[in-house]
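Structure, as structure tokens:
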Amino acid sequence: MQQLMILGVALTGRDGSPVIVMEESAGGRFLPIPADPFQTEMLIRNFTEENHNSSVSWLAELLSTRPPQRALLELNGNGDIHVRFAYRKQNRGYALPLGEGLSLVKLLHTPLFAEEPLFVLCEHELQYLSHHTNFTENFLYLTPAQYASNIPII
4 MQQLMILGVA
14 LTGRDGSPVI
24 VMEESAGGRF
34 LPIPADPFQT
44 EMLIRNFTEE
54 NHNSSVSWLA
64 ELLSTRPPQR
74 ALLELNGNGD
84 IHVRFAYRKQ
94 NRGYALPLGE
104 GLSLVKLLHT
114 PLFAEEPLFV
124 LCEHELQYLS
134 HHTNFTENFL
144 YLTPAQYASN
154 IPII
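Going letter by letter, the sequence shown gives residues 4 to 157 in our numbering.
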């Protein structure tokens, strides 16, 4: 399992939808995950603190007294990527869609992890972003929130 940090959002990915880009905390590799535009907007609003009254903010406040120990990006039965929150060493916990889950990770400062197969699954998206000429113009850094003029993906 690799620990990740949320780097930002590429506004146009391989299929035209936004891509949430994460980086291994140890550095070196990137994990780009295609996302629904609505989930991406929610993530951006929570990272830029424009969404104080969202359901995710309410949930974060509720869970702040007993926050989850870690969050894991994983595939669900439909082939979608969601965020599973776990307490202690148990993987049992609750799962949220990508946008809400990553927003909650940010609000609760929960360590985020992904297993190796997810890096392999997202390899084509990484190759596309690495060679796409408009990528540097259409990238929003979320840590800290700013537009990028350049991002070293490869």
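No residue lacks a Cβ here, since even glycine has one placed at the ideal position from N, Cα and C.
Taking all protein chains shown into account, Ser106 has 16 or more neighbouring C-beta atoms within 10 Å of its C-beta and is therefore buried. Taking a contact as a CB-CB distance under 8 angstroms, the pair Pro114 and Gln6 counts as one, their CB atoms being some 6 angstroms apart.
Here Arg91 is near Gln72, since their CB atoms are less than 7 angstroms apart.
Contact between Leu132 and Pro35 holds: their C-beta atoms lie close to 6 angstroms from each other, under 8 angstroms.
DSSP places Glu119 outside any beta strand (DSSP E); the residue lies instead in the alpha helix (DSSP H), whose first and last residues are Glu119 to Leu124. C-alpha of Phe142 to C-alpha of Glu103: approximately 20 angstroms in a straight line. For Ala38, the three-state secondary structure derived from DSSP is coil. Of the candidates Gly16, Met4 and Gly11, Gly16 places its Cα closest to the Cα of His127. For Glu26 and Tyr97, the gap between their C-alpha atoms comes out near 24 angstroms.
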